[in-house]
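Novice: Quick one: the structure is below, questions incoming.
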Amino acid sequence: MRKTFTLFIILLSLFANLNAKSKKNPWQDYKRIDLKVDGRDAFIIQPKESAPHKPWVWRARFPTYHPEVDLILLSKGFHVAYINTDDMLGSSSALKHWDAFYNHMTTEKGLAKKVSLEAVSRGGLFAYRWAAQNPEKVASIYAEVPVCDFKSWPGGKGKGVGNSKAWQNVSKQYQITEEQALQYKQNPIDVLAPIAKEKIPLLHLISLNDQVVPSEENTFILAERYKKLGGSIEIIEVKNGPRAKGHHFDHPDPQRVADFILRNTNKASQLSTISPIPSKLKKFMPKRHNAKLAEAKNRQIDLVMIGDSITHNWESEKNYEQTFSGLNMLNLGFAGDRTQNVLWRIQHGALDNIEPKLVTLMIGTNHMHNPKKGYSPDSNEDIFTGIQEIIKEIRTRLPNSKIIVFSVFPRRAPENERVKALNQLIPQIADNEMIFHRDISKIFLDSKGSINKTLYSRDGLHLNSKGYDGWAKALKPILTEFSDNSQPKIQRPKVKKLAI
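Just so we're aligned: the sequence shown equals residues -18 to -1, 1 to 482 in mature numbering (1 follows the signal peptide of the UniProt record, and there is no 0).
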């Protein structure tokens, strides 16, 4: 009898421990990694095996609430991530931490460039305000009883019960007075335009008897405005939330939510480096693009140089006309361009109705900028994939043209280490029949292997006049080498010109 009782106590203890672990880690036996990012506590839940492109969901608030959706996504190879900015209510200070967390997840951890946001309750303030500032980084937004206007919660200025302490915290976090808070126009319901423009799909789960975050003051207003902007939103309605004044309830359909996130993640999973998008530099778009289309129209073009600002800026140098004298040259360098921007230009007419003998390409350095400057660096493998895609586009449109792919020019440390690593990949793109690789990096280096500062502007990235003289000198024999275009003619396919 005593042995039986002892065994019962042991089993009870084991069950209690397992139950405690289950409550502590709602993601069951998936591995949790705790870390510090930008001085804030954070964690990642890892899948057993990551799906292609490492998709992830980002919990904005209450990360252990309703984990059912996350468990389904973890089984599909998603990561689940969270950074603790809990009491900051989606303020500008919180969003700066979010920027740092996104950069850490996508660069240090290698997760997908587009993330699916999950927002519970006040988490709506974080998710929507960050998405409005970073729409190109968001695959979808799923929100449960989300706060969409802090006048409703915690303000309690409508039908909701409000929270006086949290309302005072709004003034503290946003650094505004109560009167200014009542007039504030950067709540989620106010910042939907960039989200709609990016066509980010939304799904809300609400309770119709929610007295904490009333749907008529939050989700229903947001949905009406989002639809007017051309956006798409689905709403799952629970008639009666049984707990916390209608704010809490059992999840009615986690599979539907998981399917929503999976469906829209698959749409967004294509690498950013091969997803054609126009440049965001308004100074050069669409004016310069259209000017280059006009320049090429009804004119013989023998040489096309495709690139970024390093190619673009050559046009303003004194040696430009002399270097390309006698050549019918088209400079398709655009400041700020990445591979995806080049792809967009090609698909929008940049190479249509011309038959150059030679096309040169040097692209990639704009993928490597410091994330603190507002850029999101890509991996060298993804950049190389983008370069390969550009070559495919050029070959489709200009089957008779030879192509030279240049190694990316050196730049100041620490980014130059990335340049070196990318340049190790580029030579394999050559077939030495129609596609060739050339590396002239050495002319820009000093005896120690660092950039020769006498050839660069202050930023250690762009060439100065002496640098362009060096490039001209190195380019001249290459142009001579490829001046003979005696290979057999290949029938040029008709390419439909896309509307600009």
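Glycine is no exception: its CB is placed at the ideal position from the N, C-alpha and C atoms.
Just the Cα atoms here: how many angstroms apart are R111 and Q282?
Specialist: When rounded, the distance between both Cα atoms is 50 Å.
Novice: For K18, which residues does DSSP report across the bridge?
Specialist: Note: K18 sits in a beta bridge opposite D23.
Novice: Could you spell out where the alpha helix (DSSP H) holding K448 opens and where it closes?
Specialist: 447 to 463 is the span of the alpha helix (DSSP H), which, as asked, contains K448.
Novice: Assess contact between the stretch 216 to 236 and the stretch 300 to 308, defined as three or more Cβ pairs (one per stretch) separated by less than 8 Å. Is contact present?
Specialist: No, because fewer than three Cβ pairs between the stretch 216 to 236 and the stretch 300 to 308 fall closer than 8 Å, the two stretches do not touch.
Novice: Would you mind giving the Cβ-Cβ distance between N191 and D131, rounded to the nearest angstrom? I have them listed as a contact below 8 Å.
Specialist: 19 Å between Cβ atoms; not a contact.
Novice: Quick one: what does DSSP say N85 is sitting in, helix, strand or coil?
Specialist: Residue state, collapsed to three classes: helix.
Novice: The beta strand (DSSP E) with Y64 in it runs from where to where?
Specialist: Note, Y64: beta strand (DSSP E), 61 to 65.
Novice: Assuming P183 and S214 form a contact by the criterion Cβ under 8 Å, report the distance between their Cβ atoms to the nearest whole angstrom.
Specialist: Rounded, the Cβ-Cβ distance is 5 Å, consistent with contact.
Novice: Can you tell me whether Q322 is buried or exposed? The criterion is at least 16 other CB atoms within 10 Å of its CB, across all chains shown.
Specialist: Buried: at least 16 other Cβ atoms inside 10 Å.
Novice: Out of curiosity, what's the CA-to-CA distance linking A109 and K154?
Specialist: Taking the straight line from one Cα to the other gives about 20 Å.
Novice: Can you tell me whether A101 is buried or exposed? The criterion is at least 16 other CB atoms within 10 Å of its CB, across all chains shown.
Specialist: When all chains shown are included, A101 counts as buried.
Novice: Below 8 Å on the Cβ atoms is my guess for F25 versus Y84; work out the distance and round it to an integer in Å.
Specialist: Incorrect: roughly 15 Å between the Cβ atoms, too far for contact.
Novice: Do L404 and I345 come within 7 Å of each other at the CB atom, strictly closer than that value?
Specialist: Going by C-beta atoms, I345 is not nearer than 7 Å to L404.
Novice: Got a sec? Which residues, its chain only, sit under 7 Å from P49 by beta carbon, not counting five neighbours each side?
Specialist: Taken in chain order, the residues that qualify are P8, W9.
Novice: Three Cβ pairs or more, each shorter than 8 Å: is that satisfied between the stretch 375 to 386 and the stretch 399 to 417?
Specialist: Short answer: they touch.
Novice: For the structure I just gave you, are there three or more beta carbon pairs, one from the stretch 390 to 404 and one from the stretch 431 to 447, closer than 8 Å?
Specialist: Enough Cβ pairs lie closer than 8 Å, so yes.
Novice: With a threshold of 8 Å, are at least 3 pairs of Cβ atoms found where one atom belongs to the stretch 251 to 266 and the other to the stretch 209 to 225?
Specialist: Contact fails: fewer than three Cβ-Cβ distances are below 8 Å.
Novice: The beta strand (DSSP E) spanning W40 covers which residue range?
Specialist: Run containing W40: 38 to 41, per the beta strand (DSSP E) assignment.
Novice: Only counting the same chain, and skipping five residues up and downstream in sequence, which positions put a Cβ closer than 7 Å to that of I171?
Specialist: If we look at I171 and ignore the five residues flanking it on each side, its Cβ neighbours are C130, D131, I203, L204, R207.
Novice: Given a cut-off of 7 Å on the beta-carbon distance, is the pair F266 and F306 in contact?
Specialist: Their beta carbons are not under 7 Å apart, which means F266 does not touch F306 by this criterion.
Novice: State the DSSP-derived secondary structure class of L314, mapped to helix, strand or coil.
Specialist: L314 falls in the strand class under three-state DSSP.
Novice: Short of 6 Å in beta carbon distance, which residues of its chain neighbour A454, apart from the five on each side in sequence? Order them along the chain.
Specialist: Taken in chain order, the residues that qualify are N301, T305.
Novice: For T46 and G142, I'd like the C-alpha separation in whole angstroms.
Specialist: Using only the alpha carbons, I get a separation of about 25 Å.
Novice: At what residue ranges does the stretch 214 to 277 contain a whole run of the alpha helix (DSSP H), taking only runs of 4 or more?
Specialist: Runs found: 236 to 250.
Novice: Take N446 and list the residues in its own chain whose beta-carbon comes closer than 7 Å to its own, dropping the five residues that flank it on each side.
Specialist: So the list reads L437, Y438, S439, once near-sequence residues are dropped.
Novice: Whose CA, out of I373, N145, W38, G137, lies closest to the CA of K119?
Specialist: The residue with the shortest Cα to Cα distance from K119 is W38.
Novice: Can we say the stretch 51 to 62 touches the stretch 148 to 163, given the rule of at least three CB pairs closer than 8 Å?
Specialist: Because the criterion of three Cβ pairs below 8 Å is not met, the stretch 51 to 62 and the stretch 148 to 163 do not touch.
Novice: Anyone know if the C-beta pair for A178 and G228 falls short of 7 Å?
Specialist: Against a cut-off of 7 Å, the Cβ pair of G228 and A178 comes out as no contact.
Novice: Quick one: complete alpha helix (DSSP H) runs, 4+ long, within the stretch 355 to 393?
Specialist: 362 to 379, all fully within the stretch 355 to 393.
Novice: May I ask you to report which of helix, strand or coil DSSP gives A101?
Specialist: A101: strand per DSSP, three-state reduction.
Novice: Would a C-beta distance cut-off of 7 Å place I336 and A276 closer than the cut-off?
Specialist: Going by C-beta atoms, I336 is not nearer than 7 Å to A276.
Novice: For E241, count neighbouring Cβ atoms within 10 angstroms of its own Cβ and tell me buried if that reaches 16, exposed if not.
Specialist: The identity of residue 241 in the sequence shown is Asp, whereas the question assumes Glu. Exposed, because fewer than 16 other Cβ atoms sit within 10 Å of the Cβ of D241.
Novice: Is it the case that the Cβ atoms of I243 and S98 are separated by a distance below 7 Å?
Specialist: Taking 7 Å as the Cβ cut-off, I243 and S98 qualify as a contacting pair.
Novice: What is the residue span of the beta strand (DSSP E) that F418 lies within?
Specialist: Its beta strand (DSSP E) spans residues 417 to 420.
Novice: Considering L55, what are the terminal residues of the alpha helix (DSSP H) in which it resides?
Specialist: Element bounds for L55: 50 to 57.
Novice: Looking at D284: is its Cβ nearer than 7 Å to the Cβ of L263?
Specialist: The answer is no: Cβ separation not under 7 Å.
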